[in-house]
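S.K.:
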Amino acid sequence: MSTDKYFQANRQLWDQWTKEHEQAPFYNVAGFRVGKDRLRSIELEELGDVSGKRLLHLQCHFGMDTLTWARRGAVVTGVDFSEESISLARSLSQELNIPADFVCSDIYNLPNVLAGEFDIVFTSYGVLHWLRDLQRWGEVIAHFLKPGEIFYIVEDYPFMRVFHADAETGLQVSNPYFFSETPDQVEMEGSYATDNRGEKATFYIWNHSLGEVINALITNGLRIEFLHEFPYAARAKFPMMEKGDDNWWRLPPQRGTIPLLFSLQARKDR
Ligand SMILES: C[S@@+](CC[C@H](N)C(=O)[O-])C[C@H]1O[C@@H](n2cnc3c(N)ncnc32)[C@H](O)[C@@H]1O
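In this note's numbering, the protein residues as written are 732 to 1001.
#1: Start and end of the alpha helix (DSSP H) containing A873?
#2: Would you tell me roughly how many angstroms separate the C-alpha atoms of Y963 and W979, rounded to the nearest one?
#3: Among residues of its own chain, excluding the 5 on either side of Q903, which ones have a beta-carbon nearer than 7 Å to its beta-carbon?
#4: Go through its chain and collect everything with a Cβ distance to G869's Cβ below 7 Å, but skip five positions before and after it.
#5: In angstroms, rounded to a whole number, what distance separates the CA positions of F890 and N938?
#6: Look up P830 in the DSSP assignment and say whether it is helix, strand or coil.
#7: What are the residues that DSSP puts in a beta bridge with E956?
#8: Does the distance between the C-beta of I838 and the nearest non-hydrogen atom of ligand 1 fall short of 7 Å?
#9: Decide if S824 is buried, meaning its Cβ has at least 16 other Cβ atoms within 10 Å, or exposed.
#10: Rounded to a whole number of angstroms, what is the C-alpha to C-alpha distance between I1000 and L876?
#11: Look at the Cβ atom of C1002, then the Cβ atom of T797, and state whether they are nearer than 8 Å.
#12: Should V852 and L992 be called a contact, given that it needs their Cβ atoms to be closer than 8 Å?
#13: Could you give the distance in angstroms between the alpha-carbon of S998 and the alpha-carbon of E899?
#14: Decide if the segment 807-823 is in contact with the segment 914-928; the criterion is three or more beta carbon pairs, one per stretch, under 8 Å apart.
#15: Look at L953 and F909 and say whether their C-beta atoms are less than 8 Å apart.
#16: Could you compute how far the alpha carbon of R981 sits from the alpha carbon of E973?
#17: Is the segment 764-779 touching the segment 733-746, taking contact as three or more C-beta pairs under 8 Å?
#18: What is the residue span of the beta strand (DSSP E) that R802 lies within?
#19: CB of Q916 to nearest heavy atom of ligand 1: below 7 Å?
#20: Under the three-state reduction of DSSP, which class applies to D887: helix, strand or coil?
#21: Quick check: is any heavy atom of ligand 1 less than 7 Å from the C-beta of D796?
#22: Is Q903 a contact residue of ligand 2, with contact defined as CB to any heavy atom under 7 Å?
#23: L841 to P970, Cα distance in whole Å?
#24: Give me the Cβ distance between S922 and E751, rounded to the nearest whole Å; I'm assuming they're in contact under 8 Å.
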């Protein structure tokens, strides 16, 4: 199957998931409409004050995080390759009167359809494994960053994906950690946000090691300023995980800890 066919299947999936996510309690669009914040403590604390900053949000889904940054004063542009996602993002922006630009594009084609430089390039929670080529991803980030300004990502920790959860024995090493040109083919009903209720679909993902992520940025002229690791996740990645009062999900203490999220900030050379 060609990369293009993987791309088409994934884009179709995200169009379908967007319709399901608009109704999903996980996304709580009704709460967002009345002002509930969508961003989480990690990115809020680490990115700090964004007012007046030009922020480019890559793989923004239907834009609730993008619009939340706008509510906090950033001048935002959100990008996603799903037409359904971008159309819903634009309609939320209009309905709620939150100024934002949304561009429907494959991020690899973005330099051909979007002009300008940004103070912050932002991306988060479940983005990297949809991308085949991380070198090109790093190039796109560097292309849009103003010299001296920052790229920020908070994302699933790549090593977490090697595990399969077994009710008896806990976490078993079951999947390769390192990148392979041939993606994993996944069959699923519904999505992570709908408790696997919804239409059945097939999609394709690539694992990228943490080293690959870092090198894709370094080789494109970005300097890493921090890399943080967290033993918790934004949702239950394994069935035995428990939600804390702080809304983060953790493995029960007797299971030990592994990193479940990382955040990274990198600055483009002047
Ligand atoms: C898990 S979502 C990001 C979630 C987002 N942080 C949120 O909480 O809503 C991943 C997004 O990546 C988008 N995507 C996947 N591959 C893409 C590509 N090549 N170019 C642009 N967007 C892409 C999908 O359409 C989807 O909206």
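We treat Cβ as the ideally placed atom computed from N, Cα and C, and that holds for glycine.
M.R.: Taking the definition as stated:
#1: Judged by DSSP secondary structure, A873 falls within the alpha helix (DSSP H) whose first and last residues are 865-875.
#2: Taking the straight line joining both Cα atoms gives about 6 Å.
#3: F894, H895, D897
#4: Here G869 has A947, L948, T950, N951 as same chain residues with Cβ atoms under 7 Å from its own Cβ, once five neighbours each way along the sequence are excluded.
#5: N938 has its alpha-carbon roughly 9 Å from the corresponding atom of F890.
#6: coil
#7: DSSP lists no partner for E956.
#8: yes
#9: buried
#10: A quick correction: the sequence has Asp, not Ile, at residue 1000. Cα to Cα, the separation comes out at about 10 Å.
#11: For residue 1002 there is no data in the structure shown, the boundaries of the chain being 732 and 1001.
#12: Not a contact, by the Cβ cut-off of 8 Å.
#13: At residue 998 the sequence reads Arg, which differs from the Ser that was named. Each residue's Cα considered, the two are about 45 Å apart.
#14: no
#15: no
#16: 5 Å
#17: no
#18: Run containing R802: none in the beta strand (DSSP E); it sits in the alpha helix (DSSP H), 795-802.
#19: no
#20: strand
#21: Within the cutoff, so yes.
#22: Absence of ligand 2 is noted for the structure shown, with ligand 1 being the only ligands found.
#23: 37 Å
#24: The beta carbons of S922 and E751 sit about 6 Å from each other, so the pair counts as a contact at 8 Å.
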